[in-house]
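Per my numbering, residue 6 is the first one in the sequence shown, and the count goes up by one each step.
Report on the structure given below.
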Amino acid sequence: MTYSPKIVLIGMPGCGKSTLGKQVAKQLNFDFYDLDEEIVKTEGLEIPKIFLNKGEGYFRNLETKVLQDLLSIDRSFVLSTGGGAPCFNDNMDLINDSGISVFLDVNLDQILQRLTKNEVEKRPMFQGLDTGEIILKLQNLLAERGVFYDKAKIKLSGDDISTEHLISELMSYFKS
Ligand SMILES: Nc1ncnc2c1ncn2[C@@H]1O[C@H](COP(=O)(O)OP(=O)(O)O)[C@@H](O)[C@H]1O
Ligand SMILES: O=C(O)C1=C[C@@H](OP(=O)(O)O)[C@@H](O)[C@H](O)C1
Ligand SMILES: [Mg+2]
């Protein structure tokens, strides 16, 4: 039987899951999926529109369904999740049952800088908030979500986690 690793990136919104995931998949020659992009394709609506028109509860159930479908693919891939994905509907256990979860633990100051540049409009959780409110929101989210992120099989921290760093951690994990 061949081993098909499924690498699943998790972490706070803005920590770099989508950016890093794409790069790592390319370097490893694995398929790449972005959970949010797959949700958008399934629903035919952008993420902020799904939140606005159908509500967060609907989004979370759709997120779980699309996650389950992706995790059942029998090939190696890198999957970048959305920041909330591991924290609803037993998703973190699902991820750990079939994949290698990697928590990108980037500090909130760094995330704030990235989000406030140009990234708020894509993320309904932060729309309409000023900088102070975004800080509070990030702190509250991390307080709720840390317990889920902590279940990751691999944890990487730093302001700027590189593709090389992630690949080297994965190689050590595969060897262990
Ligand atoms: N290592 C990095 N250094 C600087 N900016 C980054 C880095 N990784 C991601 N970014 C930027 O931060 C923003 C959020 O990144 P993204 O990959 O969308 O995060 P996530 O998918 O975790 O929400 C984007 O503008 C992206 O270009
Ligand atoms: O943290 C969250 O709850 C969310 C994060 C987003 O993904 P990113 O983590 O890629 O921003 C996206 O799934 C949605 O807007 C909800
Ligand atoms: Mg993303």
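Positions of the beta carbon are idealized from the N, C-alpha and C atoms, including for glycine.
Beta-carbon proximity check, residue i vs residue j, cutoff 8 Å
| i | j | result |
| --- | --- | --- |
| Val83 | Phe37 | yes |
| Leu25 | Ile166 | yes |
| Ile44 | Val71 | yes |
| Lys76 | Leu99 | The residue you asked about is not Lys; residue 76 is Leu in the sequence shown. It is a contact, given that the beta carbons lie within the stated cut-off. |
| Pro18 | Arg128 | yes |
| Leu143 | Leu117 | yes |
With 16 other Cβ atoms within 10 Å as the buried cut-off, status of residue i
| i | result |
| --- | --- |
| Gly187 | Residue 187 falls outside the range modelled here, since the chain spans only 6 to 181, and no answer is possible. |
| Gln32 | exposed |
| Glu88 | The question names Glu, but residue 88 in the sequence shown is Gly. So Gly88 counts as buried. |
| Met6 | With a pLDDT of only 46 at Met6, under 50, the local geometry of the prediction cannot be trusted, and no value is derived from it. |
| Ser181 | exposed |
| Phe131 | buried |
| Glu169 | exposed |
| Ser85 | buried |
Give the list of continuous alpha helix (DSSP H) stretches no shorter than 4 residues that lie fully inside the stretch 29-66. 40-48, 52-59
Mind listing which residues have their beta carbon within less than 5 Å of any non-hydrogen atom of ligand 2? Chain order is fine. Pro18, Asp41, Ile52, Gly87, Gly88, Gly89, Arg128
So, does the stretch 152-169 touch the stretch 102-120, judging by three or more C-beta pairs under 8 Å? yes
Which runs of the beta strand (DSSP E), 3 residues or longer, sit entirely within the stretch 120-181? Here the runs fully enclosed are 159-162.
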